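Below: the structure, in structure tokens.
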Amino acid sequence: MKIGEIAKAAGVTTSRIRFYEKRGIIAPAERGPNGYRDYPEELVALLRFIEHAQGLGFTLREIASVEVRSGPHPISCAEAIRLLSAKRDAVDALIAEARQRKRRIEALIGELQASQAGTAG
Numbered sequence: 003m004k005i006g007e008i009a010k011a012a013g014v015t016t017s018r019i020r021f022y023e024k025r026g027i028i029a030p031a032e033r034g035p036n037g038y039r040d041y042p043e044e045l046v047a048l049l050r051f052i053e054h055a056q057g058l059g060f061t062l063r064e065i066a067s068v069e070v071r072s073g074p075h076p077i078s079c080a081e082a083i084r085l086l087s088a089k090r091d092a093v094d095a096l097i098a099e100a101r102q103r104k105r106r107i108e109a110l111i112g113e114l115q116a117s118q119a120g121t122a123g
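Have a look at this one:
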């Protein structure tokens with residue numbers, strides 16, 4: 003498949019595909035006699051996987067570290083569960099940190115408001 007066909011089928015831009023290729027996220031395409039890139043149809047599932055994973059907060063480095071297989075499911079269910087569980091735990095830690103930061107901010111606001119009220123009278 004040509005790059006435009008792959009991009010349309012996967013819902014990504016051609017520049018995104020070239021970027022992934024340059025970064026080693028996807029294998030370089032074969033070149034036909036005319037010099038055009040010729041991509042395997044299985045790449046559609048991989049590109050969708052990459053986009054979905056990024057939408058869930060995975061970095062390209064994390065995505066590139068996953069052993070990808072061919073077919074409609076680029077990784078095994080067991081590997082997906084392991085990765086998703088680790089990402090969930092990381093998100094939980096970020097949420098806890100954000101809540102703690104919010105409490106500190108609210109406390110500081112309260113202190114400043116009390117200080118301001120004490121000097122305004």
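The C-terminal residue of the sequence shown carries number 123 in this note's numbering, and the numbering is unbroken.
C-beta atoms are modelled at their ideal positions from N, C-alpha and C, and glycine is treated no differently.
Quick caveat: nothing in here was measured; it's all calculated off a predicted structure.
| request: Just tell me which of SER117, SER87, LYS4 has its CA closest to the CA of GLU43. | output: LYS4
| query | Using the C-alpha atoms, what's the distance from ALA55 back to ALA109? | reply | 37 Å
| said: I want to know whether the region 60-70 touches the region 94-108 - three or more CB-CB distances under 8 Å. | reply: no
| said: Can you tell me which residues form a DSSP beta bridge with GLU113? | reply: Answer is none; GLU113 lacks a bridge partner.
| query | Can you list, in chain order, the residues of its chain whose CB lies under 7 Å from that of GLY26, leaving out five sequence neighbours each side? | reply | ALA66
| request: Please state whether DSSP places ARG71 in a helix, a strand or coil. | output: coil
| query | Helix, strand or coil: which one does DSSP assign to GLU32? | reply | strand
| Beta-carbon proximity list for PRO30, same chain, < 7 Å, skipping 5 on both sides | GLU23
| said: Cutting at 8 Å between CB atoms, please list the residues of its own chain near ILE50, excluding the five before and the five after it. | reply: The identity of residue 50 in the sequence shown is Arg, whereas the question assumes Ile. Contacts found: ALA12, GLY13.
| field | Under 9 Å between C-beta atoms of ALA98 and PRO74 | value | Taking 9 Å as the Cβ cut-off, ALA98 and PRO74 do not qualify as a contacting pair.
| field | Own chain partners of ILE52 with C-beta closer than 6 Å, once the 5 adjacent residues on each side are dropped | value | ILE65
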